[in-house]
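Chemist: Residue numbers (the UniProt record's numbering): 1 to 405.
Each residue gets a CB set at the ideal place from its N, CA and C atoms; glycine is no exception.
This is the structure:
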């Protein structure tokens with residue numbers, strides 16, 4: 001930027017205009033910003049003039065408009081934030097803080113307030129404090145998406161559909177089992193997760209059918225049976241499934257099953273959950289729908305063409321649930337593939353990015369000739385990069401594998 005500014009200034013046809021007027025902020029906020037701005041260095045060829053108050057009608061209603069406060073703990077800070085928001089936003093009486101508009105002013109709404117968190121690890125502390133004070137909060141922190149009971153509820157059904165008996169993950173706070181324990185306090189197994197998450201959502205006011213736990217468990221197990229056997233199911237085997245499109249897939253789909261569409265399965269699970277009823281509820285139900293929408297965006301990245309092979313589906317779901325709670329928004333997706341009868345399976349790291357690779361466990365007995373050394377997992381990439389080279393060979397120790405799974 002500094003080089004560009006210098007180039008424009010030196011060119012006889014170039015010019016640089018300084019936009020110094022701030023039309024969004026109040027005088028107190030502008031003054032604080034200018035004071036801090038004078039303490040930092042300015043790159044060559046650039047200037048750093050003070051901002052000017054550009055909107056005369058936008059003034060500070062109260063001197064506490066900008067402040068910095070210390071707190072003994074993060075929990076105390078979160079509670080103070082929640083209490084302050086309650087003072088700023090008072091929907092019942094229309095009182096509280098005011099915000100100027102073209103026609104005058106209006107009271108603040110919850111959507112006017114944002115809590116900026118430095119680390120997503122602490123996002124749940126603030127979310128819990130806000131909800132304890134009756135303040136609906138949408139969490140946009142990536143990994144903490146998997147600490148929402150509605151997301152864990154759907155994840156439990158996806159795990160059943162993939163034949164998982166237990167969620168994978170280590171003991172660290174970011175793993176899926178740790179998030180389940182912190183949010184639901186139940187074993188990291190699909191059925192307990194479904195039952196506990198549904199109970200918690202009911203307590204928070206989300207409308208759920210009385211038999212939803214049994215229906216979701218039946219749907220997940222039926223999907224797993226349909227995919228694993230690649231055969232149609234009998235009507236008596238899916239009495240607990242109500243969604244017409246899901247019943248069609250279970251009863252009348254192609255046989256043997258050649259393709260599985262994870263997105264379609266995901267939406268069938270939502271239909272069985274009765275998420276359409278949440279749309280008119282507002283409040284906590286609206287927040288739950290927002291979080292489910294974020295999960296949907298991750299499911300769409302499982303396979304580039306939108307489908308996967310039946311034998312690969314369980315590994316794709318395992319990869320989604322193992323890695324996303326740890327890396328969402330920070331690293332590319334790392335979905336699992338597996339080796340069957342000396343054939344490597346194709347998998348995608350991201351939607352639109354394909355790479356041919358295979359994972360070769362080399363926990364071999366002494367004396368056998370295999371790639372890698374005993375006690376290591378060798379990751380071999382066979383996909384040329386954009387520059388024509390290949391991705392590096394990685395070796396992962398048993399200890400690293402144990403911490404990952």
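Tell me whether the beta-carbon of residue 201 lies closer than 9 angstroms to the beta-carbon of residue 321.
Modeler: As a position in the chain shown, residue 201 is number 201, starting the count at 1. As a position in the chain shown, residue 321 is number 321, starting the count at 1. In terms of Cβ geometry, residue 201 and residue 321 do not form a close pair [threshold 9 angstroms].
Chemist: Bridge partners of residue 107, per DSSP?
Modeler: As a first step, residue 107 must be located in the chain shown, where it is residue number 107. Residue pairing for residue 107: DSSP places it in a beta bridge opposite 98.
Chemist: Determine the direct distance from the alpha carbon of residue 248 to that of residue 227, and round the result to whole angstroms.
Modeler: Taking the chain shown and counting its residues from 1, one reaches residue 227 at position 227. Taking the chain shown and counting its residues from 1, one reaches residue 248 at position 248. Each residue's CA atom was taken as its position, placing residue 227 and residue 248 some 14 angstroms apart.
Chemist: Based on the DSSP secondary-structure assignment, which residues constitute the bridge partners of residue 308?
Modeler: The sequence position of residue 308 within the chain shown is 308, counting from 1. Note: residue 308 sits in a beta bridge opposite 260.
Chemist: Does the beta-carbon of residue 315 have 16 or more other beta-carbons within 10 angstroms, so that it is buried, or is it exposed?
Modeler: Residue 315 sits at position 315 when you count from the first residue of the chain shown. So residue 315 counts as buried.
Chemist: Note the first and the last residue of the continuous alpha helix (DSSP H) segment covering residue 30.
Modeler: Taking the chain shown and counting its residues from 1, the one referred to as residue 30 is at position 30. Segment 27-37, the alpha helix (DSSP H) holding residue 30.
Chemist: Should residue 299 be counted as a contact of the ligand NAD given a C-beta to heavy atom distance under 8 angstroms?
Modeler: Inclusion of the ligand NAD in the displayed structure is not the case, the ligand content being empty and no account of it being possible.
Chemist: For residue 12, which of helix, strand or coil comes out of DSSP?
Modeler: In the chain shown, the residue the question calls residue 12 occupies position 12. The answer is coil: DSSP assigns residue 12 none of H, G, I, E or B.
Chemist: For my contact list, residue 45 and residue 2 are in at a C-beta cut-off of 8 angstroms; report their separation, rounded to the angstrom.
Modeler: If you number the chain shown from 1, residue 45 lands on position 45. If you number the chain shown from 1, residue 2 lands on position 2. That belief holds up - the Cβ atoms of residue 45 and residue 2 are roughly 5 angstroms apart, short of 8 angstroms.
Chemist: Going by DSSP, name the residue or residues bridged to residue 22.
Modeler: Start at 1 with the first residue of the chain shown, and residue 22 comes out as number 22. According to DSSP, which records beta bridges pairwise, residue 22 is partnered with 53.
Chemist: Does the separation of the CB atoms of residue 176 and residue 198 fall below 9 angstroms?
Modeler: Residue numbering aside, residue 176 sits at position 176 when the chain shown is read from its first letter. Residue numbering aside, residue 198 sits at position 198 when the chain shown is read from its first letter. Cβ distance not < 9 angstroms, so residue 176 and residue 198 don't count as in contact.
Chemist: What's the call for residue 129, buried or exposed, on a 16-neighbour Cβ count within 10 Å?
Modeler: In the chain shown, counting from the first residue as 1, residue 129 sits at position 129. Buried, because 16 or more other Cβ atoms sit within 10 Å of the Cβ of residue 129.
Chemist: Could you work out which residue in 266, 145 and 222 is closest to residue 250 when comparing CA atoms only?
Modeler: Looking up residue 250 in the chain shown gives position 250. Out of 266, 145 and 222, 222 has the C-alpha closest to the C-alpha of residue 250.
Chemist: When the Cβ atoms of the segment 290-302 are set against those of the segment 233-242, are three or more pairs found closer than 8 angstroms?
Modeler: Here the segment 290-302 does not lie against the segment 233-242, with fewer than 3 beta-carbon pairs under 8 angstroms apart.
Chemist: Pop quiz: residue 183 and residue 147 are said to be a contact at Cβ under 8 angstroms. What is the actual Cβ separation, rounded to whole angstroms?
Modeler: Taking the first residue of the chain shown as 1, we reach residue 183 at position 183. Taking the first residue of the chain shown as 1, we reach residue 147 at position 147. Correct: roughly 5 angstroms between the Cβ atoms.
Chemist: Could you give the first and the last residue of the continuous alpha helix (DSSP H) run that contains residue 126?
Modeler: Taking the first residue of the chain shown as 1, we reach residue 126 at position 126. Segment 123-132, the alpha helix (DSSP H) holding residue 126.
Chemist: Looking at C-beta atoms only, is the number of pairs between the segment 186-197 and the segment 252-272 that lie closer than 8 angstroms three or more?
Modeler: no
Chemist: I need the DSSP call for residue 193, collapsed to helix, strand or coil.
Modeler: As a position in the chain shown, residue 193 is number 193, starting the count at 1. DSSP places residue 193 in helix when its eight states are reduced to three.
Chemist: Does the distance from the C-beta atom of residue 109 to that of residue 89 stay below 9 angstroms?
Modeler: Mapped onto the chain shown, residue 109 falls at position 109. Mapped onto the chain shown, residue 89 falls at position 89. The answer is yes: Cβ separation under 9 angstroms.
Chemist: Could you give the residue range of the alpha helix (DSSP H) that holds residue 294?
Modeler: By one-based count along the chain shown, residue 294 stands at place 294. Its alpha helix (DSSP H) spans residues 284-299.
Chemist: In whole angstroms, what is the alpha-carbon distance linking residue 165 and residue 132?
Modeler: As a first step, residue 165 must be located in the chain shown, where it is residue number 165. As a first step, residue 132 must be located in the chain shown, where it is residue number 132. Residue 132 has its alpha-carbon roughly 33 angstroms from the corresponding atom of residue 165.
Chemist: Residue 253 by DSSP, collapsed to three states: which one?
Modeler: Your numbering for residue 253 matches position 253 in the chain shown. Coil.
Chemist: Would you give the residue range spanned by the alpha helix (DSSP H) that residue 158 belongs to?
Modeler: The residue given as residue 158 occupies position 158 in the chain shown. Annotation: the continuous alpha helix (DSSP H) that includes residue 158 extends over 149-161.
Chemist: Inspect the beta-carbon positions of residue 206 and residue 263 and report whether they are closer than 9 angstroms.
Modeler: Taking the first residue of the chain shown as 1, we reach residue 206 at position 206. Taking the first residue of the chain shown as 1, we reach residue 263 at position 263. Not a contact, by the Cβ cut-off of 9 angstroms.
Chemist: In this structure, does DSSP put residue 177 in helix, strand or coil?
Modeler: Here residue 177 refers to the residue found at position 177 when the chain shown is read from its first residue. In the structure shown, residue 177 sits in a helix (DSSP, three-state: H, G or I).
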